[in-house]
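**Q** Each residue of the sequence shown is one higher than the one before, starting from 23 at the first, in the working numbering. Okay, handing you the structure first.
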Amino acid sequence: MNRVLSMITGYSLILMAILAGFSYGYVFTKFYKPNSPDLVQADFLGNQELYMWMVIGFICIVLLDFLISWTIFKLFKKENPTCIYNILTKISLYRYIFQSHHF
């Protein structure tokens, strides 16, 4: 069982990295132009299918994030229950502090 959960976690992380590279690294940079909203609208109207794939990629990233969290929880639940809750709390705090503020 641990081997299956480990493989799911690993493959999900790899897939999430690929999706993030495509959705955020490639597509989002084509659409995000903070100083020219008219150009963003023109890009959106010209590339609606690419925008749709970006949104699907972001949704898949969120779903994979939940899957990875669940598999890691299942993997370490029997080892040390207080340790896993401590790790999950630290991950949540890290995401709140560093990823909710755009530096």
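C-beta atoms are modelled at their ideal positions from N, C-alpha and C, and glycine is treated no differently. This structure is a prediction, so every number in the text was calculated from the model and none was measured.
1. Taking the alpha carbon of isoleucine 113 as the reference point, which residue from Ser28, Ile90 and Asn102 has its own alpha carbon closest?
2. Once DSSP output is grouped into helix, strand and coil, what is the label at serine 58?
3. Between the alpha carbons of methionine 74 and methionine 29, how many angstroms are there, rounded?
4. How long is the line joining the alpha carbons of leucine 97 and phenylalanine 88, rounded to whole angstroms?
5. In the structure shown, what three-state DSSP assignment does asparagine 69 receive?
6. Quick check on DSSP: helix, strand or coil for aspartate 87?
7. Less than 8 Å separating the beta-carbons of serine 45 and phenylalanine 80?
8. Tell me which same chain residues have a C-beta within less than 8 Å of the C-beta of lysine 99, skipping the five on either side of it?
9. Relative to the C-alpha of leucine 27, which candidate in Tyr48, Leu115, Tyr118 and Thr93 has its C-alpha closest?
**A** Let's see:
1. Ile90
2. coil
3. 29 Å
4. 14 Å
5. coil
6. helix
7. yes
8. Ile106
9. Thr93
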